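First residue of the sequence shown: 23, per my numbering; consecutive thereafter.
Here the structure comes first, spelled out in structure tokens, and everything after it is commentary.
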Amino acid sequence: MRYDVVIIGGGLAGLTCGIRLSEQGKHCAIVSSGQSALHFSSGSLDLLSFLPDGEPVHQPLEALSALASQAPEHPYSLMGEAAVRRWVPEAEALLARCGATMTGSHQHNHLRLTPLGKYRPCWLSPPEIVTREQGKPLAWRAPLIVGIEGFLDFQSSIVADALQAQGIAAKSADLRLPALDRLRGNPSEFRAINIARVLDLPENASALLAELTRLSADHDAVILPACLGLDTPDAVAMLQSALGKPVSLLPTLPPSLPGVRLHQAMVRRFRQLGGMVMPGDKVERAVLGETEKALYTRNHVDIPLRAQQVVLASGSFFNNGLVAEFDRVVEPVFGLDVHYAALRSDWSREQVLAPQPYRLFGVETDEKLRPRIKGVTVPGVYAIGAVLAGFDPLAQGCGAGVSLLSALSVADTLLQGEVA
Ligand SMILES: Cc1cc2nc3c(=O)[nH]c(=O)nc-3n(C[C@H](O)[C@H](O)[C@H](O)COP(=O)(O)OP(=O)(O)OC[C@H]3O[C@@H](n4cnc5c(N)ncnc54)[C@H](O)[C@@H]3O)c2cc1C
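Written out as structure tokens, the structure is:
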């Protein structure tokens with residue numbers, strides 16, 4: 023099985039790279055062993071929300087020089103300000119070509135409401151998600167926060183209490199729909215994606231509308247957990263027009279419907295372009311020839327996937343793109359050089375919510391995102407996304423941006439025909 027490029031990992035980074043390469047006629051395969059971070063994410067995408075010193079960022083592109091001086095090893099700093107400025111609008115355009123409608127802009131961050139009723143800055147959000155502009159109040163005076171009876175992954179009263187503390191007359195109430203009774207009987211199945219599969223059915227639309235009409239009579243807006251519109255993206259717009267007042271969604275605990283929907287849209291686009299996805303397969307080892315790489319996977323055993331170029335998009339610890347052993351951190355497919363603290367006691371801090379040093383660990387690269395083994399650049403291998411060293415996606419709010427921009431940067435290098 024021969025491809026121009028094989029990509030290891032089908033999360034946001036791998037899919038972005040595969041889509042860009044396929045759009046330009048490259049024959050690509052993506053091997054992906056499991057769910058990606060998108061399945062667990064808010065569905066909103068971060069570009070740069072905080073500098074490493076904790077200063078909030080309102081205009082991400084204007085903060086790049088401060089980032090470069092505070093964190094020269096950050097992937098944005100390595101790629102360079104000009105490259106970041108170039109790839110940001112390209113990333114927005116690529117998402118639009120996938121049919122992933124987003125609100126927001128790289129000019130300035132907006133704020134999204136979290137399931138805890140707090141606000142977090144971000145770059146792009148699905149249009150149904152509750153957001154507001156920096157410095158502006160929430161659009162509604164008295165929203166109803168709707169929970170679902172028995173659904174533990176979203177607590178409407180926490181959101182309502184937090185909004186009340188901000189001076190908003192929010193109330194919470196529980197939706198009771200007999201259509202959900204069968205699912206509710208099995209708590210481990212009573213999750214956002216399965217609920218959406220029931221609520222999206224046309225035969226349940228009128229009961230949902232009647233219940234929301236009853237509950238929301240004294241409210242100027244309705245905020246639901248993101249359990250609607252998995253395969254029917256206009257479900258929220260239709261409900262809103264029938265209800266006659268704004269309806270918005272809040273992400274729930276994982277699995278995340280907005281994240282899953284983005285993942286599905288990107289996989290669809292990649293396949294439409296002729297890309298091959300091998301879900302559930304895992305690259306276990308690689309033989310790195312001068313001109314050709316052979317990747318041996320769990321499912322294909324001794325028949326390797328062959329390609330001139332390989333892109334590693336295997337994610338961080340969360341997805342086993344990096345593995346922590348007793349006294350070292352390894353990249354398990356190639357054994358690439360990894361940045362990590364020598365002393366294990368320096369890997370984490372006691373305060374759980376503090377920025378954690380281990381989040382900065384990852385594969386070391388040069389400015390073209392070419393990794394090394396024992397200090398020597400590996401020809402034809404590139405690393406992108408969460409597997410990279412030098413950034414903290416949580417504390418700096420830059421996870422999606424690093425994945426998208428590093429993927430576009432490497433795709434461009436490959437399309438220019440530059441072989442390391
Ligand atoms: C729980 C969680 C929530 C997050 N929420 C947000 C958010 O709301 N907004 C935001 O901007 N960022 C968020 N992030 C940051 C996130 O890391 C990035 O946004 C981005 O989604 C990472 O994409 P990725 O493709 O680099 O890696 P991943 O999404 O981790 O994908 C890596 C993929 O590679 C596969 N893989 C690993 N090893 C192999 C192998 N050997 N063979 C084949 N496949 C392999 C994995 O199974 C996985 O599917 C979140 C991160 C986590 C962990």
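Positions of the beta carbon are idealized from the N, C-alpha and C atoms, including for glycine.
On a predicted model such as this, the values are computed, not experimentally measured, just so you know.
Beta-carbon gap between residue i and residue j smaller than 7 Å
i	j	result
S263	E150	no
L430	W109	yes
A214	T274	yes
G65	S278	yes
L327	V28	yes
A35	I406	yes
Residue from the options with nearest C-alpha to residue i
i	options	result
F383	R366, G412 and E372	G412
D68	S55, R119, P143 and C39	P143
M260	R213, G65, A227 and S278	A227
P268	P165, D26 and A346	P165
R219	K193, A59 and D253	D253
S91	P78, P74 and V79	P74
R163	Q186, L231 and A88	Q186
T38	G76, A118 and Y98	A118
L410	A433, V385, T319 and L344	V385
L223	L135, G207 and P255	P255
L246	G407, L197, S71 and L174	L197
P379	G157, I30 and V351	V351
Identity of the residues DSSP links to residue i by a beta bridge
i	result
I180	According to DSSP, I180 bridges with nothing at all.
F72	P78
G384	H361
C144	H132
Y25	A329
T125	S147
P165	A243
E155	H132
Cα-Cα separation between residue i and residue j, rounded to whole angstroms
i	j	result
H128	P82	7 Å
Q438	E45	14 Å
H361	F62	25 Å
E155	I395	45 Å
R42	R236	47 Å
T125	E211	31 Å
S54	F339	15 Å
C50	G32	12 Å
G419	N131	11 Å
L205	F356	44 Å
P78	P377	14 Å
V441	R24	Caution applies to V441, whose pLDDT of 48 falls short of 50 and renders its modelled position unreliable; the value that the coordinates give is listed next. Near 18 Å, if we compare the C-alpha coordinates of R24 and V441.
L391	S99	12 Å
M300	R291	15 Å
E372	E347	20 Å
Near ligand 2: residue i beta-carbon under 6 Å from a heavy atom
i	result
L67	For ligand 2, the structure offers nothing, since it holds only ligand 1.
Unbroken alpha helix (DSSP H) runs of length 4 or more, entirely within the stretch 184-270: which are they? 203-206, 214-221, 227-237 and 257-265
Ordered list of beta strand (DSSP E) runs contained in the stretch 297-359, each at least 3 residues: Runs of the beta strand (DSSP E) spanning 3 or more residues and lying entirely within the stretch 297-359 occur at 298-301, 305-310, 315-319 and 327-334, in chain order.
So within the stretch 29-112, which uninterrupted alpha helix (DSSP H) runs reach at least 4 residues, ignoring any that extend past its ends? 34-45, 86-92 and 97-101
Length at least 3, wholly inside the stretch 368-436: the beta strand (DSSP E) runs in chain order: 403-405
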